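Presented below is the structure to which this report refers.
Residue numbers (the numbering used here): 1 to 165.
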């Protein structure tokens, strides 16, 4: 059998739904607190991570962002959740991936160096306080990711809420 070249239907491709994608990690300290970071370019707290660059997988983006933002060369673990975020113009809908960054030891925490162009603060917070620090959708996402980590399996979310069928 020979391979047959198929011309792509450019009109169809132009109308396919596009989504933005970002990846972050839940990083814990020995007390089970969650690392949150404060970007210099907006007044909210987030988990370490960021948008995917062209040609980059969510896993690659997550590890790159941790290296860039914190100066930590980590291999992140399992995917804890994927969250579909509906469009909110001017933003397209998005897929937000959260990976298990594991528990950081004291030496790793001491070696964190915030990239000053991106982050100006960091802190570890109790999981129960996530809703007081993170925007609601992200707080829900991180709580769901922590629950998935505890039970050893990932979860699918829509707008921060678990979808069960």
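Glycine is no exception: its CB is placed at the ideal position from the N, C-alpha and C atoms. Here the structure is a predicted model, which means the values were calculated and not measured.
Quiz item: Can you tell me whether DSSP reads residue 21 as helix, strand or coil?
Solution: Under the three-state reduction of DSSP, residue 21 is assigned to strand.
Exercise. Find the nearest neighbour of residue 111 within the set 55, 70, 120 and 26, judged by alpha-carbon distance.
Key: Cα-wise, what sits closest to residue 111 is 70.
Self-check item: Alpha carbon of residue 58 to alpha carbon of residue 51, nearest angstrom
Solution: If you draw a straight line from the Cα of residue 58 to the Cα of residue 51, it comes to about 9 Å.
Quiz item: residue 75: which of 64, 18 and 152 sits nearest, CA to CA?
Solution: Comparing alpha carbon positions, the residue from 64, 18 and 152 closest to residue 75 is 64.
Quiz item: When you compare only the Cα positions, how much space is there between residue 115 and residue 162?
Solution: Looking at the backbone, the Cα of residue 115 and that of residue 162 are separated by about 33 Å.
Exercise. State the beta-bridge partners of residue 158 as determined by DSSP.
Key: Beta-bridge partners of residue 158 (DSSP): 84 and 161.
Exercise. Starting from the Cα of residue 55, find the closest Cα among 21, 29, 100 and 67 and give me that residue.
Key: It is 21 whose Cα lies nearest to the Cα of residue 55.
Practice problem: Give, in chain order, every unbroken run of the beta strand (DSSP E) that is at least 3 residues long and sits entirely within the region 4-70. | Solution: Every beta strand (DSSP E) stretch that sits fully inside the region 4-70 and reaches 3 residues is listed by chain position as 20-28, 34-39 and 49-51.
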